[in-house]
Amino acid sequence: MLIAVGSLAFMGLALGGLLGTAAHYLAVEEDPIEAELQAMLPGSQCGQCGYVGCAQAAAALARGEAVVTLCPPGGKAVAEALAARLGIKVDLSAVADTGPQLAQVSEEICIGCCRCIKVCPTDAIVGAAKQIHNVIREACTGCAACIDRCPTEAMTLVPVPVSLQHWIWPKPATANA
Amino acid sequence: MNHPIGSPVAAPHTTTDNSVGRVMATVMVALTPATLFGFWLYGWPAINLWLITVGSALFGEAFCLRLLDRRARPVLFDGSAALTGWLLALSLPPWAPWWIGVFGGLFATVLGKQVFGGLGQNLFNPAMVARVALLISFPLQMTAWVAPLPLLSAAAPGFIDGLRITLKAASPAFDAVASASLLGFAKTELSRGADLLQALSHAPAHTWYGSRPGSLGETAGWLIAGGGLLLMFRRIISWHIPLSMLAGIAVPAAILHGIDPTRYLDAGSHLLSGGAMLGAFFIATDYVTSPNTPRGQLVFGAGCGVLTYVIRTWAGYPEGVAFAVLLMNSLTPIIDSYVKPRIYGRDRRGVAIEPGK
Amino acid sequence: MGFFDRIFREPRWGVHPDDHKRPAADVPLRILPPPARLYLPLHQHVGGVARPVVLVGQKVLKGQLLAAAQGNISAPIHAPVSGIVTAIGEITAPHPSGLGFAAITIDSDFENRWIDSDPVADPFSLPPEEIARRTAAAGVVGLGGATFPAAVKFALGKRLAVGTLIVNGGECEPYLSSDDRIMRDFADQVVDGARIVMHAIGAREALVGIEDNKPEAIAAMKKAAASYPEVKIRPVPARYPMGSDKQLIQTLTGKEVPADARAAEVGVLVHNVSTCAAVHKAIRLGQPLVERIVTINGGAVAQPGNLIAPLGTLVEEVLAFCGLAQAPARLILGGPMMGTPLLHGKIPLVKGASGILAFDAAEAFVPESGPCIRCGSCTQACPMGLLPLEMAAHIRADDLEGAVDFSLGDCISCGCCAYVCPSHIPLVQYFSHARGELAARERASLRTEAAKRLAEARIARLEREALEKAAAAARRKAERAAAKAAATAPVEGESA
Amino acid sequence: MKEFVLMLIGAALVNNVILARFLGLCSFMGVTTRIDTAAGMGLATTFVITVSSMADWAVQRYLLDAYGLGFLRTVTFILVIASAVQFTEMTIRKVSPTLFQMLGIYLPLITTNCAVLGVALLLVEGHMGFLAATLFAFASSLGYSLVMVIFAGLRERLVLAQVPRLFAGPPIAFIVASLLAMAFMGFSGISTS
């Protein structure tokens, strides 16, 4: 009995000591994955993912609480980058990628209240009080933050029109499908 | 001229008249001489078994397509299922009972092919999957060989007797013709500790042109090789797999036979026995389950050959082609991912070459 | 070919499609009379869209500048006829999408009056830069189909010390014979153009690669080049895609262009025979590129052959000139292997249009595609040594990165793989789709980057504004306090 | 010499840990989605099996047998294995963080990988000498790694196949595993006749 207890205790101590030493020599700095993930996100803090901002979304991703497809403005490109960094597989066909979208002002309804200008995360809306506002196409990310703010529903999201340079051959239909 | 001409069709706007159906048909033509020889050699039971196996394979394919709501017609007519059944039938004992053919044909197309998604998606050769499954499940029926009784000879079973053999397994009247294949005979003798050189003198009769106990369509090595040459000539298959597989069998056989002829069969017997020829020209060369670069094919074929020899010589089964092909099938994805063709402007590892080379 | 040869000889890259070049190639060249109205797209070349320099209603002469080059890589557009600019608007582009692009419309006055030209008697006395400038001003682009501005290539050749000019007379696409025709009928122009290009890039020799299925062209070119030893005519075996730059360079010089590099880096530069002829006209005659030779071919064409056609002519008018035996089942701009499908005939002829094919129903038949049986035909045919079957399988499973790992980027879209596929899988379409999708993702991530910068700028602005506000508030407070202090204590009750 | 070769083949191929003894199936299904991950897992497990088998052999001979403590076998073996796994985990984390990420939960789970304990127990039952035991453990783990890599290769191709919905995912993976096991039956009975 004593031998059994003693030998187990000895083994435990010896192996524990070995591992402790090994842990000392093989210590790894925690990699700043959160910062890396945040750098991949658009950073417009639009809140469409359900988190307060991109930093919080990145933290949730790092903890494994959020899915990589959480970012609608980022679309497939961001989802793929996140998945690659996190080393997980992702079904991109599930990403609701409606294609790039733009906010558009209906000029006949806009009353020039400037509310949308204040919420736009990328300063993509120009205008002044009592002036019809306008969207700078190059700067708009289609994040939809302005849509709900507009008191007259003058703001709408429209898909970016397909141009000759942006046209994509459709994927061939498979016979077996 | 103002109306649109359909939706855009991508280039190229022209194509060869080659098709999957044509490829399969050519393979069938190449198989025909050896098959007819097998029919002649083993008579009506062999013909029955062939029909049953091919029919079951077709039925299995059609049944799955029906379940999957896919159109059955174009798929059945591309001939791949019939060819699978055909190849399986050629590798079966000619007087095997009907349920061997049914089970094998269904197993090949259903579990060997359709569960993977059909033509082109399977990882293992369907015919060999079925052959191995049968061999493991029914070792007795799968090693019951008969001596050749040419179709029109007096001793051969007639049409009715043939049906009886196929439907009720071997009838007592024909027990006398039960025989052993050369490989099986050698294995049994060796396990008894006999000297192979002496044992072979009272082996079952086997002739060079293929009149010997064996599988339905595997005995006539020269007819199979002829069919294989036709396929090479038609550029359906390349020489890499057949040659390397035959070499993979012959080289170790020749070396070991040279060292100790009392324990190891000679290379010629190995090449002409069992499924070596059929395997090298028709089974290992299956597009779907073999590598698609010439160098990968050399590795694949050599692997098939050596494994065949190893299994024949040292493992429990007298014949190893089916196992060897399945084992190498499982290695195909790995061969393919490491043996790739050299891309223009890059070296073999895919790094861009230096200008001026 | 012997029995053993057939079995053991490694099949080499490429395919041998039925070439269908004759009888169209043997029909003498015809001249298409300029139509009443022409449409000159602003974007007929690789690079920046040209900028219009004429106004609607303005009278123009033949050869007059309509739109100027814009940016480093671009080309100007000139008037192919004399007449009046009637509109600057949109017309359907020669593009599978059927989308439109900007074009200048000219109504011909049928006088065909040339603008004053500036011919050069002795181009070899000019500095190379001047030849490049004149070529650029004439709007000459690669006429083999690539439409890369020729002068930009000259500059590249000069910078990288190119010793060899390769003149591409391969014309490996079936049905097409426009290059064949230009070599037969204008061999002197081609050879002279090649010599001018050599001078412009400082090359020591010119190798003219011509597929051996064009014996008449080879004979004509040999005769034209007889007195110039530096111009060597080199017949090459007829095999598709021999006319692809990389394959022709390898066949003629044995050199392989490294991946992701330009041909100039191995000391060669490739120009098409038609481009050389255009350079000849631009320099010797001072004429800009306003017309080209087009092959009209296909089962639906009554009189197939080659035409000298003004740029901007509508495809339907070109076809009407040759006559249609039946309604075409498919219209293609370019060759059958790499050409662009056209949705209708109201599409203008552009600089890169080497041919217009009107296919009858039998030629246009597309067999239904089946599953891949991994036969490896595509791998054998691929002139780049790629694995098309693997790339397509990954793209089908939406794994575009996987396809890139199989070097999708090295694919030249020649169509050999799809041509030989016994399952008739539209492999090229898979690759085009993947490329478009990858480019879209690239754009999306650039956009994300830009959005991030804007968001950061906004945050900085908000902080700055907050700081300024605080500073202003503090200042006001201080001012008030100072005012208060000045007014001294007695009125303390009022400040509340 | 001949016995050693036969034992190597026997342990690696004929009585393959995964396909014949059906041990270590969780990692076999879990980390075989990519070839490099499977190879990494195979390497890690090879290390753990070899090292822990050597240690377990010593524990069995000099502790359990010597003092009649046979009832402590499972406890002590697991102790040794857990330590070896911990050590491996630390090493991989240091050397290849990417592999560490990809192996994820399956790395610490090598501890409970039945293949490891299974091989150790087989050694004890076989009453092998130290050299034979080490060789057996190494060959078994090589067989394990080989099958892991083969299966990963097959699954990489399976991902691209249009498997009917009914069979997609684990069902087809199990079917492939069974076909692979069938193919490996070809090695059964390998002996020098």
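Chains as they are written, first to last, in our numbering: chain A, 224 to 400; chain B, 33 to 389; chain C, -8 to 487; chain D, 508 to 700. Note that CB positions come from ideal geometry on N, CA and C, so glycine has one too.
Looking at the DSSP output, C:Asn263 shares a beta bridge with C:Asn159. Excluding residues up to 5 positions away in sequence, Ala218, Glu221, Leu222, Pro293, Thr294, Arg295, Tyr296 and Leu297 lie with their Cβ nearer than 8 Å to the Cβ of B:Leu228 in the same chain. Judged by DSSP secondary structure, D:Ile542 falls within the alpha helix (DSSP H) whose first and last residues are Ile542 to Ala565. Contact check between the segment 213 to 222 of chain C and the segment 174 to 184 of chain C: three or more CB pairs, one atom from each, fall below 8 Å, which counts as touching.
C:Pro249 sits in coil when the DSSP states are folded into three classes, being neither helix nor strand. Pairing D:Thr553 with D:Ala659 gives a Cβ-Cβ distance that is not under 9 Å. B:Ala176 is positioned such that its CB atom lies no closer than 9 Å to that of B:Gly136.
Pairing A:Ala302 with C:Thr96, the inter-Cα distance amounts to about 46 Å. Separation of the CB atoms of D:Leu629 and D:Ile657 is rounded to 22 Å, and the pair is thereby denied contact status at 8 Å. Of the other Cβ atoms in all chains shown, 16 or more fall within 10 Å of the Cβ of B:Ile269; this residue is therefore buried. Boundaries of the alpha helix (DSSP H) around B:Gly300: Ala299 to Leu304. The Cβ atoms of C:Asp171 and C:Lys205 lie closer than 9 Å to each other. Secondary structure at D:Pro677: helix, using DSSP grouped into helix, strand and coil.
The three-state reading of DSSP puts C:Ile224 in strand, counting E and B together. Where C:Phe(-1) is concerned, the enclosing alpha helix (DSSP H) starts and stops at Phe(-6) to Phe(-1). Boundaries of the beta strand (DSSP E) harbouring C:Gly91: Gly91 to Ser99, taken from the DSSP string.
Under the Cβ distance rule, A:Leu387 counts among the residues neighbouring chain C, one pair being separated by less than 9 Å. Listed along chain C are Ala388, each with a C-beta nearer than 7 Å to that of D:Val666. Below the 9 Å Cβ cutoff, chain D contributes Ile542, Gly660 and Glu663 as neighbours of B:Ser369, in chain order. The C-beta separation of B:Val331 from B:Val371 comes to about 7 Å, placing the pair in contact by the 8 Å criterion. Nearest to B:Ala162 by alpha-carbon distance, out of D:Leu532, D:Met689, D:Leu586 and D:Ser534, is D:Met689. If you check the CB distance, C:Ala70 and C:Leu90 do not come in under 9 Å. Listed along the chain, the chain D residues whose CB falls inside 8 Å of the CB of A:Ile226 are Tyr574 and Leu576. Remark: C-beta atoms of C:Thr304 and C:Leu29 approach each other more closely than 9 Å. A Cβ-Cβ contact shorter than 9 Å links A:Thr364 with C:Ala442.
Put simply, the backbone Cα of C:Gly39 is about 13 Å away from that of C:Phe92. Contact of C:Gln294 with chain B is not assigned, every C-beta pair being separated by 9 Å or more. Going by C-alpha positions, D:Ala627 is about 18 Å away from D:Leu520. The bridge partners DSSP lists for C:Ser414 come to none. Excluding the 5 residues flanking it on each side, C:Arg42 has same chain C-beta neighbours closer than 7 Å at Ala58, Ala59 and Gln61, in chain order. Within its own chain, the residues whose Cβ lies closer than 8 Å to the Cβ of D:Glu663, once the five positions on either side in sequence are excluded, are Thr540, Arg541 and Ile542, listed in chain order. In this chain, the alpha helix (DSSP H) harbouring D:Gly625 covers Cys621 to Gly633.
Residue pairing for C:Lys53: DSSP places it in a beta bridge opposite C:Trp105. In this structure, the alpha-carbon of A:Lys394 lies about 40 Å from that of A:Thr375.
In the same chain as B:Leu81, and ignoring 5 residues on each side of it, the C-beta atoms closer than 8 Å to its own belong to Ala121, Leu124, Pro126, Trp127, Ala128, Trp130, Ile132, Gly133, Thr198 and Leu248, in chain order. The contact set of A:Thr364 on chain C, defined by CB atoms closer than 9 Å, consists of Arg438, Thr439, Ala441, Ala442, Leu445 and Ala446 in chain order.
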